[in-house]
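Structure first, commentary second.
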Amino acid sequence: MARRRLVIVGNGMAGLRCLEEILARAPGQFEITVVGAEVVAAYNRVLLSALLAGEVAAVDVLLRPERWYAAQQIDLITGQVAEVLDSAVRCVRLQNGRAIAFDILVLATGSDPIRLSVPGCGLKGVATFRTLGDIAAFERFAASRRPAVVIGGGLLGIEAAYGLARRGVAVTLVHLADRLMERQLDAEGAALLAEAITAKGVRVLLGANTRAIHGTDEAQAVELADGRRLACGLVIMAIGIRPRAALAVSGGLPTNRGIIVDDRMETSLKGVFAIGECAEHRGICYGLVEPCYEQAKVAAAAIAGEASSYRGSALATNLKVSGVPVFSAGDFEGTGEAIIVRDVGVPSFRKLVTRDGRLTGAVLVGDVAEAAWYWELIRSRVLVTPFRDALAFGRAFAEAT
Ligand SMILES: Cc1cc2nc3c(=O)[nH]c(=O)nc-3n(C[C@H](O)[C@H](O)[C@H](O)COP(=O)(O)OP(=O)(O)OC[C@H]3O[C@@H](n4cnc5c(N)ncnc54)[C@H](O)[C@@H]3O)c2cc1C
153 MARRRLVIVG NGMAGLRCLE EILARAPGQF EITVVGAEVV AAYNRVLLSA
203 LLAGEVAAVD VLLRPERWYA AQQIDLITGQ VAEVLDSAVR CVRLQNGRAI
253 AFDILVLATG SDPIRLSVPG CGLKGVATFR TLGDIAAFER FAASRRPAVV
303 IGGGLLGIEA AYGLARRGVA VTLVHLADRL MERQLDAEGA ALLAEAITAK
353 GVRVLLGANT RAIHGTDEAQ AVELADGRRL ACGLVIMAIG IRPRAALAVS
403 GGLPTNRGII VDDRMETSLK GVFAIGECAE HRGICYGLVE PCYEQAKVAA
453 AAIAGEASSY RGSALATNLK VSGVPVFSAG DFEGTGEAII VRDVGVPSFR
503 KLVTRDGRLT GAVLVGDVAE AAWYWELIRS RVLVTPFRDA LAFGRAFAEA
553 T
């Protein structure tokens, strides 16, 4: 029997994970083509921050060497954008004109960074932070010893600023809100993080609105709404991401913010799946790698003919931000009783919110050793009343009391 033709567009973290799962579940069943826009095969994007900071080497971020694809008899196409999805004929057309027919298609096209649309945003030296190629440009810039400005105080912006600072660049991090990572941290946790980042050599400006970028050909300064000017030769915009759905749109697939999928991660076109940051499931587009992996697994199972269902991912943030461990989950701002423990020596901050005898939210900065336990308590909704007074001191202490 002829093998079915499987095409995966997007050789990123979700695409590769889905491929690995399909190979494990249905070995030899598909004739596989993988198309990636980047010139290198899939790598660990999460490690790009550590690579920029010089904490890992380029070889550490690669996931599978090209010879692995060859050994699996996979046709790996790098450096090619799939531009058109022809739903009627069931093929994708690449920028070089090649058409690839499929029986099953997986769209794993990730996201594009959003660029701030201010005067000067098109100047040379105005960049975003998403790919291995971006790092090479930042490394070259760092050697010039000129200052840099990073716009956006979310995870990516902080990581970009920290990475450049580690390379000896004088960096200013400009953030519109009055605290860093405002969606993941409460005011006090964010203040502690800002202090830690400042101590690592990043100047942090909060409540700062970018009005324009100045320069003739290249960026030379960022102007803020209050008139301040920050001299720089590099501006990194890290203000958010947008699911990359153009290919799906070209094929007439329903999209909203991302490509709309059902619980099997299948689009409205039978045999066409979307996973990772480009997908929108039950109204949610995820921007962290764990949900992307869960979706990849569900799609692979469906493609292999197994029953599978994705119900959405519970959201917790568990990250190392510029070397500072940060965890947050649940509703940590709403009404409830807050237990707060600070250790200015470490420094660490722990805020636990309980409501009706249950843990409903948590923020940890500095010391996240108990994160998994708090996360379990939030999700299971068990009563914490019996050990409430010991809650802040961790599982071992609570169980001993
Ligand atoms: C610097 C950085 C640090 C991060 N740190 C963390 C972290 O600490 N924790 C965490 O959970 N997440 C982190 N993330 C987010 C995480 O990397 C993403 O959630 C994850 O990579 C999403 O996987 P994906 O496969 O959907 O998209 P991607 O990994 O972006 O892969 C998509 C691929 O598809 C390609 N592509 C797009 N369109 C086409 C097309 N038409 N034709 C061919 N190829 C195409 C793209 O070029 C790209 O290679 C970080 C991201 C960045 C940029």
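Numbering (our numbering), first residue to last: 153 to 553. For every residue, glycine included, the Cβ atom is placed at its ideal position computed from N, Cα and C.
field: For I256, the residue or residues it bridges with in DSSP
entry: L158
query: What did DSSP end up calling C170 once you bin it into helix, strand or coil?
result: helix
Contacting residues, own chain, Cβ-Cβ under 6 Å from A178 (five flanking each side not counted): A456
query: Distance, Cα to Cα, G546 vs G164?
result: 37 Å
- request: In the DSSP assignment, find the unbroken alpha helix (DSSP H) run with D286 in it and report its ends.
  value: 284 to 294
task: Starting from the Cα of Y314, find the closest Cα among G403, R331, E207, A343 and give me that residue.
output: E207
Residues of its chain near I226, where Cβ-Cβ distance is below 8 Å and the 5 sequence neighbours each way are ignored: L171, I184, T185, V186
message: Distance check for P406 and R242, CA to CA, integer angstroms please.
response: 16 Å
- prompt: What are the start and end residues of the beta strand (DSSP E) that includes G632?
  reply: Because residue 632 is not part of the residues shown, which for the chain are 153 to 553, the question remains open.
query: Between which two residues does the beta strand (DSSP E) containing T469 stretch?
result: 468 to 473
query: Quick one: what's got a C-beta closer than 6 Å to G359's C-beta in the same chain, skipping five residues either side?
result: D330
query: Which class does K422 belong to by DSSP, given the choice of helix, strand or coil?
result: coil
task: Return the chain-ordered list of same chain residues with a C-beta closer than 7 Å to the C-beta of A544, the five sequence neighbours on each side being excluded.
output: I491, V493, R502, L504
Reference G482, options P217, L345, R510, closest by Cα: R510
task: For E347, I'd like the list of residues in its chain whose CB is within less than 8 Å of its CB, leaving aside the five on either flank, ordered along the chain.
output: P499
message: If we require 3 or more residues per run, which beta strand (DSSP E) segments fall completely within the region 288 to 365?
response: 300 to 303, 323 to 326, 354 to 357
- prompt: In this structure, does DSSP put Y526 in helix, strand or coil?
  reply: helix
- prompt: With burial defined as no fewer than 16 other Cβ atoms inside 10 Å of the residue's Cβ, what is the status of K276: buried or exposed?
  reply: exposed
field: Spatial distance of R363 from L316 (CA atoms)
entry: 23 Å
task: Enumerate in chain order the residues of its own chain whose CB-to-CB distance from A202 is below 6 Å, with the five nearest sequence positions on each side excluded.
output: V208
task: Specify, as a first and last residue, the run of the alpha helix (DSSP H) that E123 falls within.
output: Outside the displayed range of the chain (153 to 553) lies residue 123, so it cannot be described from this structure.
message: Alpha carbons only, please: which of L214, G513, D212, A459 is nearest the one belonging to S532?
response: G513
query: DSSP three-state call for D541: helix, strand or coil?
result: helix
message: Please tell me whether A383 and P299 are closer than 7 Å, where the distance is taken between their beta carbons.
response: yes
task: Give the C-beta separation of V161 and A260 to the nearest angstrom, bearing in mind that I take them to be a contact with Cβ-Cβ under 8 Å.
output: 7 Å
- request: Entirely within the region 386 to 439 and at least 3 residues each: give me those beta strand (DSSP E) ranges in chain order.
  value: 386 to 389, 393 to 395, 411 to 413, 424 to 426, 431 to 433
C-beta contact flag for Y462 and D508 at 7 Å: no
query: If you drop the 5 nearest sequence neighbours on each side, which residues of the same chain put their C-beta closer than 6 Å to that of A558?
result: No statement about residue 558 is possible, as the shown extent of the chain runs from 153 to 553 and does not include it.
- request: Might you give, ordered along the chain, the residues of its own chain that have their beta carbon closer than 7 Å to the beta carbon of V441, omitting 5 neighbours on each side?
  value: M165, V198
query: Where A453 and L200 are concerned, what is the direct C-alpha to C-alpha distance, given to the nearest angstrom?
result: 29 Å
task: Consider the C-beta atom of T419 and the heavy atoms of ligand 1; say whether any pair is separated by less than 6 Å.
output: no
- request: Express the C-alpha separation of G285 and V278 in angstroms, rounding to a whole number.
  value: 14 Å
- request: Can you grab the Cα-Cα spacing for the pair D264 / V401, in whole Å?
  value: 15 Å
- prompt: Going straight from the alpha carbon of A294 to that of G309, what length do you get?
  reply: 16 Å
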